[in-house]
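The structure appears right after this line, and notes come after that.
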Amino acid sequence: MHRLLAAGFALAVATPALAQEDSPPPPIIDVHVHSQLESRPGTAPLCPNPQQFLASDPADGEEGFFGWSGEDCSPRLYAAEPGEYLNDVVAEMERLNVTAVVFGDPDSVRAYQQAAPDRVIAGTSFAMSPDTDRAAELQRLEMLFTDGGFAVMGEIGLQYAGVSPSDPSVDDYFALAERLDIPVAIHMGTGGSGRANVTMPTYRASMGDPFLLEEMLARHPRLRVQVMHAGYPMIDNMLALLQANSHVYVDTAGLIWSYPIEEVNRYIERLVDAGFGDRVMFGTDQLSWPGLMAYSVSIIQNADYLSPAQKRDILYNNAARFLRLDRE
Ligand SMILES: [Zn+2]
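Using the numbering used here, the letters of the sequence shown map in sequence onto residues 11 to 338.
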């Protein structure tokens, strides 16, 4: 037998004795999952970590929603069959031993809690339409965060509306979260997907600048903040904000599978090398493709620039501290 094959054989024999059926893999916390109930019909298979945004010309007629180059890959990630998305995601959470913070409207989040009672931390946010009754919205959220079992305010998508998190029009929500001691999760950085001016006319890249959190943090010094998508790609301002504010954490969601892999690794490595290895939390931005969570976990597990202890911090320990699961 070839030496490598022999080694492989020895491993294969040794594995069943090590991995008892009743010993699950080490636990993971995914701090960024959406409460989607179905893959949208017609969702194309996904090739994660595309290598390029393509230029386009308005003279060429209708433009696609995304500007990513259409690279092929193997294996591709497929959308779920009709009626199967929630089951598939929960099966992946069981297999990978994941507890997830699931964000969305309260009813769909509760569907996740019903499907996986011990694995879901509930998150929801405020409505942002111009005719929102702010007093009623604050009252609704206070109910959800005190009696309703909800534990995180998010995903707060102000950047898509072109609004700064320090804008006075949303300050009451952050004041509420600080008073109730509920962490907030704010979308910062990624987005636009190459066609913002065409498909998302109120999105502003500039509203994802981590420095825009500064005034709000000064007004609410006890608030715990999860900067979703780690303010990608504004690494310098992100590091400066982390230095200045020790209640601020970041998550890896979305960016971990939707930008070129060398760039993703460089960004996470930079956060850790700058001394913030205890503030980076694993997140997927799980939606549409059930295989996305396992794929995203593998990016951390295969990161040769991280030590085993740093990987455990990112995959579990940091989120457990941020969410205070380690105090229960
Ligand atoms: Zn987001």
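A virtual CB, placed ideally from N, CA and C, is assigned to each residue, including glycine.
Inset, instruction - Please go through the same chain and pick out, in chain order, the residues whose beta-carbon is closer than 7 Å to the beta-carbon of L222, but skip the five residues on each side of it. - result: Mapped onto the sequence shown, residue 222 falls at position 212. Around L222: S174, P175, S176.
Legend entry - Any non-hydrogen atom of ligand 1 closer than 8 Å to T212 Cβ: Within the sequence shown, the letter at position 202 stands for residue 212. Not under cutoff, so the answer is no.
Inset, instruction - Excluding the 5 residues preceding and the 5 following R214 in the sequence, name in chain order all residues of the same chain whose CB lies nearer than 6 Å to its CB. - result: In the sequence shown, the residue the question calls residue 214 occupies position 204. Non-local beta-carbon contacts of R214 in its own chain, meaning distances under 6 Å to residues more than five positions away in sequence, involve G172 in chain order.
Inset, instruction - Compare the beta carbon distance of S135 and G159 with 9 Å and say whether it is the shorter of the two. - result: For this step, residue 135 is matched to residue 125 along the sequence shown. For this step, residue 159 is matched to residue 149 along the sequence shown. Judged by beta-carbon spacing, G159 lies beyond the 9 Å limit of S135, meaning their Cβ atoms are not closer than that value.
Inset, instruction - Please indicate yes or no: does the CB of T109 lie closer than 8 Å to some heavy atom of ligand 1? - result: Reading the sequence shown from its first residue, position 99 is the one you call residue 109. False, no ligand heavy atom lies under 8 Å from that Cβ.
Legend entry - Paired residues, beta bridge with A110 - DSSP: In the sequence shown, the residue the question calls residue 110 occupies position 100. Residue pairing by DSSP puts A110 in a beta bridge opposite D40, V130.
Inset, instruction - Using DSSP bridges, identify the partner residues of L56. - result: Numbered from its first residue, the sequence shown carries residue 56 at position 46. L56 is bridged to L87.
Legend entry - beta-carbon M238 near ligand 1 non-hydrogen atom, thresh 8 Å: For the purposes of this step, residue 238 is taken as residue 228 along the sequence shown, with counting starting at 1. Indeed, a heavy atom of ligand 1 lies less than 8 Å from the Cβ.
Inset, instruction - Would you check if the distance between the CB atom of P193 and the CB atom of R234 is smaller than 9 Å? - result: Taking the first residue of the sequence shown as 1, we reach residue 193 at position 183. Taking the first residue of the sequence shown as 1, we reach residue 234 at position 224. Cβ atoms of P193 and R234: closer than 9 Å.
Inset, instruction - Please check the pair R144 and D181, which I expect to be a contact at CB under 8 Å, by giving their CB distance rounded to whole angstroms. - result: Working through the sequence shown from its first residue, we reach residue 144 at position 134. Working through the sequence shown from its first residue, we reach residue 181 at position 171. The C-beta separation of R144 from D181 comes to about 11 Å, leaving the pair out of contact by the 8 Å criterion.
Legend entry - Integer Cβ distance of N328 from V290, believed to fall under 8 Å: As a working mapping, residue 328 is identified with position 318 in the sequence shown. As a working mapping, residue 290 is identified with position 280 in the sequence shown. Yes, they are in contact, since the Cβ atoms of N328 and V290 sit about 6 Å apart, within 8 Å.
Inset, instruction - For G202, verify whether its CB is less than 8 Å away from any heavy atom of ligand 1. - result: If you number the sequence shown from 1, residue 202 lands on position 192. No.
Legend entry - Segment contact, 8 Å Cβ cut-off, at least three pairs: the segment 188-202 with the segment 239-247: Below 8 Å, enough C-beta pairs join the segment 188-202 and the segment 239-247 to call them touching: three or more.
Inset, instruction - For H197, verify whether its CB is less than 8 Å away from any heavy atom of ligand 1. - result: Here residue 197 refers to the residue found at position 187 of the sequence shown. For ligand 1, at least one heavy atom lies less than 8 Å from the Cβ of H197.
Legend entry - Sheet register partners of I166 (DSSP bridge): Mapped onto the sequence shown, residue 166 falls at position 156. Answer is I196, bridged to I166.
Legend entry - Euclidean distance between Cα positions of D157 and D82: For the purposes of this step, residue 157 is taken as residue 147 along the sequence shown, with counting starting at 1. For the purposes of this step, residue 82 is taken as residue 72 along the sequence shown, with counting starting at 1. Taking the Cα positions, D157 is about 47 Å away from D82.
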